[in-house]
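Shown next, in structure tokens, is the structure this report addresses.
In this note's numbering, the protein residues as written are 118 to 307.
Dropping the structure here:
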């Protein structure tokens with residue numbers, strides 16, 4: 118199960134890797150569905166075109182973050198996923214949601230955690246004078262961008278970098294790192 122809010126480039130990388138590396142045959146694992154908090158998310162259209170079940174659940178239609186997360190839990194539980202993969206899902210999750218999926222909830226963050234949690238990570242790394250940046254796959258905990266670090270990839274920060282240029286290089290590494298980390302998690306279930 119993958120949760121997205123936008124284009125879903127990490128989702129597409131995960132789906133491609135799952136098919137190329139035959140996760141279904143080798144590990145009994147496949148991407149069963151994609152859910153977005155935005156009905157217009159381009160990633161939903163892509164997932165549908167690939168034959169993957171999709172759902173849209175507009176967070177603005179709910180009176181509170183807790184009400185949205187409770188409904189999201191119900192939608193996810195219909196699929197009984199072994200993992201819930203956050204792939205550009207731009208919502209801070211409630212402790213209830215995180216607790217419900219403890220041990221099954223993973224995320225990728227565009228920094229070398231624990232540095233630069235939250236947003237604007239690339240500009241913050243440049244402003245801090247970092248020589249390297251990168252991305253981190255981690256288990257999700259109640260702490261923002263906290264949780265056990267599963268894997269990281271390092272990208273150099275170049276002297277002329279803009280936040281956009283650095284983000285593009287980091288994203289390339291995300292597309293390699295995230296599918297590998299997920300495959301290791303599903304393989305551990307074997």
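Ideal placement from N, C-alpha and C gives every residue a C-beta, glycine not left out.
Quick caveat, the model's predicted, so the values are computed rather than measured.
*Contact between the segment 234 to 244 and the segment 142 to 158: three or more CB pairs below 8 angstroms?*
Segments in contact, no.
*Buried or exposed: which applies to residue 279, given that a residue is buried once 16 or more other Cβ atoms fall within 10 Å of its Cβ?*
Classification of residue 279: exposed, given that the 10 Å Cβ count is below 16.
*Is it true that the CB of residue 161 sits closer than 8 angstroms to the CB of residue 170?*
Result no, Cβ atoms of residue 170 and residue 161 do not sit closer than 8 angstroms.
*asked:* Does residue 295 pass the burial test, meaning 16 or more other C-beta atoms within 10 Å, or should it be called exposed?
replied: So residue 295 counts as buried.
*Hey, could you find the ends of the alpha helix (DSSP H) residue 217 is sitting in?*
212 to 217 is the span of the alpha helix (DSSP H), which, as asked, contains residue 217.
*List in chain order: all unbroken alpha helix (DSSP H) runs of 4+ residues lying wholly within the segment 172 to 225.*
Runs of the alpha helix (DSSP H) lying entirely within the segment 172 to 225, each at least 4 residues long, are 182 to 194 and 212 to 217 in chain order.
_So, at 6 angstroms on beta carbons, what are the nonlocal neighbours of residue 203 in its own chain, with the 5 sequence-adjacent residues on each side left out?_
For residue 203, the CB contacts under 6 angstroms within the same chain, skipping 5 residues up- and downstream, are 120 and 224 in chain order.
*Report the rounded CA-to-CA distance for residue 276 versus residue 286, giving the unit in angstroms.*
Residue 276 and residue 286: Cα-Cα distance of roughly 14 angstroms.
*Taking C-beta to C-beta, are residue 288 and residue 274 nearer than 8 angstroms?*
No, the pair does not count as a contact, with Cβ atoms beyond the cut-off.
_Nearest by alpha-carbon distance to residue 259: which of 230, 233 and 216 is it?_
Nearest of 230, 233 and 216 to residue 259, Cα basis: 216.
*Of the listed residues 235, 213 and 177, nearest to residue 191 (C-alpha basis)*: Nearest to residue 191 by C-alpha distance, out of 235, 213 and 177, is 213.
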